[in-house]
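Single-structure report; data block below.
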Amino acid sequence: MNIAVVGLSHKTAPVEVREKLSIPENHLEEAIAHIKSYPHIEEVAILSTCNRLEIYFVASESEPGVVEITQFLSETSHLPLF
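Numbering (the numbering used here), first residue to last: 141 to 222.
Here it is, written out as C-alpha cells:
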C-alpha cells in the first residue's frame with residue numbers, strides 16, 4: 141500500500157490551468173468513482189478549491205498510480221500531459 145498526492149496550487153500553476161483542472165463539488169463523486177476504476181488506485185480523496193487541486197490516493201504501486209491520476213486529469217481537462 142502506497143499513499144501519494146498529485147496536485148497543483150496558485151504557486152505552481154497559472155489560473156487558466158487551475159480553472160481547467162478544478163473539479164466542481166457536484167462532480168466530486170463521479171470523479172472519485174472514475175479514479176477508483178483505474179487498476180492501481182484503491183482509495184481516493186479530492187480537495188478542490190479556487191487556488192488548488194489535490195488528489196490524495198492509495199495505490200498498489202506508486203508510479204502507476206501517479207500515471208493514472210495524471211491521465212485522469214489530462215482526460216477531464218483536455219490538457220496534454222506534457
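Using N, Cα and C, we set each Cβ at its ideal position, and we do this for glycine too.
Item, Value
"Along the chain, where does the beta strand (DSSP E) that runs through residue 149 open and close?", "142 to 149"
"Where residue 180 and residue 173 are concerned, what is the direct C-alpha to C-alpha distance, given to the nearest angstrom?", "13 angstroms"
"If you follow the beta strand (DSSP E) that residue 188 is in, where does it begin and where does it stop?", "181 to 188"
"Would you kindly report the start and end of the unbroken beta strand (DSSP E) that includes residue 193?", "192 to 199"
"So, are the CB atoms of residue 178 and residue 185 less than 7 angstroms apart?", "no"
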